[in-house]
Amino acid sequence: KQEVTQIPAALSVPEGENLVLNCSFTDSAIYNLQWFRQDPGKGLTSLLLIQSSQREQTSGRLNASLDKSSGRSTLYIAASQPGDSATYLCAVPGRVTSGSRLTFGEGTQLTVNP
Amino acid sequence: DAGITQSPRHKVTETGTPVTLRCHQTENHRYMYWYRQDPGHGLRLIHYSYGVKDTDKGEVSDGYSVSRSKTEDFLLTLESATSSQTSVYFCAISDRLAGGVDGELFFGEGSRLTVL
């Protein structure tokens, strides 16, 4: 069974700092990995989807990397802003034969202080 | 934003009553999902659908049933609500990319259910 761990569980940084969020998974036979953002009381917003054939995916100040062999992904946020404060979750699918069932980490709660 | 609407957004009900949550999409995506989110457990899949009338169980399906009579609608029913089903319920949609791999997962805004 796939297990997903996100470290740290919470992170507080001053505005402008560059930061890295970590996601590790136990079963490396994945074909993609997705990062989400969740604001309090809201649904999840997709940030980045990395296919297994890619090593990195970028969107604005966000850069996500994927290393299947080590079972790890990182989300890099450059020049953090107070508006980046949210919970960030990563999710990986099971093996291809198990269908579209994602396993989610419990998230990293990020606070960016002005 | 993906066109996903959940209703109701908030509901308070009593133990033993049936409850139905509705998810409506305007994206014509093939796959639809129901998740619940609870502190300490994260997001867990209840049921999902891979087409009209085609559904399957997720990891926490006991006490829940689903139906999908049209591509755009996916209903989640709690046949007899219990306090343990107090949670935030999220609907999500996705589609398949070329090669059969899954595309991005998009979520609705959630439905907060309280069972007294």
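Protein chains in written order, with our numbering: chain A, 18 to 131; chain B, 847 to 962.
Using N, Cα and C, we set each Cβ at its ideal position, and we do this for glycine too.
1. Less than 8 Å between CB atoms is the rule here; does residue 59 of chain A satisfy it with respect to chain B?
2. By DSSP, does residue 44 of chain A sit in helix, in strand, or in coil?
3. Could you compute how far the alpha carbon of residue 853 of chain B sits from the alpha carbon of residue 928 of chain B?
4. How long is the line joining the alpha carbons of residue 24 of chain A and residue 69 of chain A, rounded to whole angstroms?
5. Express the C-alpha separation of residue 29 of chain A and residue 863 of chain B in angstroms, rounding to a whole number.
6. Grouping DSSP H, G and I as helix and E and B as strand, with all else coil, what is residue 99 of chain A?
7. Here's a check: name, in chain order, each residue in its chain whose Cβ is nearer than 6 Å to the Cβ of residue 52 of chain A, leaving out the five neighbours to either side.
8. Can you find a C-beta in chain A that's less than 8 Å from the C-beta of residue 950 of chain B?
9. So the candidates are B:873, B:888 and B:884; which of them puts its Cα closest to the Cα of residue 958 of chain B?
10. Contact defined as beta carbons within less than 8 Å: I believe residue 924 of chain B pairs with residue 909 of chain B. What is the distance between those atoms, to the nearest angstrom?
11. Can you tell me which of B:956, B:939, B:876 and B:943 puts its alpha carbon nearest to the alpha carbon of residue 896 of chain B?
12. Taking 8 Å as the threshold (beta carbon to beta carbon), is residue 118 of chain A in contact with chain B?
13. Would you list, in chain order, the members of the segment 889-904 of chain B that have their beta-carbon closer than 9 Å to a beta-carbon of chain A?
14. Would you please state the rounded distance, in angstroms, between the beta carbons of residue 50 of chain A and residue 83 of chain A? I believe it to be under 8 Å.
15. Please give the ranges of any beta strand (DSSP E) in the segment 871-907 of chain B, keeping only runs that are unbroken, at least 3 residues long and fully inside the region.
16. So, does the CB of residue 849 of chain B fall closer than 8 Å to a CB anywhere in chain A?
17. Are the C-beta atoms of residue 920 of chain B and some chain A residue less than 8 Å apart?
18. Could you name the residues of the same chain whose beta carbon sits closer than 8 Å to that of residue 128 of chain A, not counting the 5 residues immediately before and after it, in chain order?
19. Which residues in chain B sit within 7 Å of residue 88 of chain A, going by Cβ to Cβ distance?
20. Any C-beta of chain B within less than 9 Å: which residues of the segment 27-44 of chain A qualify?
21. Just the chain A side, please: which residues come within less than 7 Å of residue 955 of chain B by C-beta, in chain order?
This is what the structure gives:
1. Along the first sequence, one-based indexing puts residue 59 of chain A at 42. True, the Cβ-Cβ gap to chain B drops below 8 Å.
2. As a position in the first sequence, residue 44 of chain A is number 27, starting the count at 1. It is coil, neither helix nor strand.
3. Within the second sequence, residue 853 of chain B is the residue found at index 7, counting from 1. Within the second sequence, residue 928 of chain B is the residue found at index 82, counting from 1. Going by the C-alpha atoms only, they are around 20 Å apart.
4. Residue numbering aside, residue 24 of chain A sits at position 7 when the first sequence is read from its first letter. Residue numbering aside, residue 69 of chain A sits at position 52 when the first sequence is read from its first letter. Roughly 22 Å separates the two Cα atoms.
5. On the second sequence, residue 863 of chain B is found 17 positions in, with the first residue counted as 1. On the first sequence, residue 29 of chain A is found 12 positions in, with the first residue counted as 1. Rounded to whole angstroms, the separation of the alpha carbons of residue 29 of chain A and residue 863 of chain B is 43 Å.
6. Start at 1 with the first residue of the first sequence, and residue 99 of chain A comes out as number 82. The answer is helix: DSSP assigns residue 99 of chain A an H, G or I state.
7. Here residue 52 of chain A is taken as the residue at index 35 of the first sequence, counted from 1. Around residue 52 of chain A: 64, 65, 81, 92 and 107.
8. In the second sequence, residue 950 of chain B corresponds to position 104, counting from 1. Yes - at least one Cβ of chain A is within 8 Å of the one on residue 950 of chain B.
9. Within the second sequence, numbered from 1, the residue matching residue 958 of chain B stands at position 112. Nearest option by C-alpha distance: B:884.
10. Along the second sequence, read from residue 1 onward, the residue named residue 924 of chain B stands at position 78. Along the second sequence, read from residue 1 onward, the residue named residue 909 of chain B stands at position 63. About 6 Å; that satisfies the 8 Å criterion.
11. Position 50 of the second sequence, counting from 1, holds the residue named residue 896 of chain B. Residue 896 of chain B has its Cα closest to that of B:876, out of B:956, B:939, B:876 and B:943.
12. Residue numbering aside, residue 118 of chain A sits at position 101 when the first sequence is read from its first letter. Closer than 8 Å to some Cβ of chain B, the Cβ of residue 118 of chain A qualifies, so yes.
13. 889, 890, 891, 894, 896, 902 and 904
14. Taking the first sequence and counting its residues from 1, one reaches residue 50 of chain A at position 33. Taking the first sequence and counting its residues from 1, one reaches residue 83 of chain A at position 66. That belief holds up - the Cβ atoms of residue 50 of chain A and residue 83 of chain A are roughly 5 Å apart, short of 8 Å.
15. 877-884, 888-897 and 900-903
16. Translated into positions along the second sequence, residue 849 of chain B becomes position 3. No - not a single Cβ of chain A is within 8 Å of the one on residue 849 of chain B.
17. Residue numbering aside, residue 920 of chain B sits at position 74 when the second sequence is read from its first letter. Chain A contact via Cβ: absent.
18. To locate residue 128 of chain A, count along the first sequence from 1; it is residue 111. When the five nearest sequence neighbours on each side are left out, the beta carbons in the same chain lying within less than 8 Å of the beta carbon of residue 128 of chain A are those of 27, 28, 29, 30 and 102, in order along the chain.
19. Along the first sequence, read from residue 1 onward, the residue named residue 88 of chain A stands at position 71. Simply none; closest approach about 18 Å.
20. none
21. Here the question's residue 955 of chain B lines up with position 109 in the second sequence. Correct list: 59 and 60.
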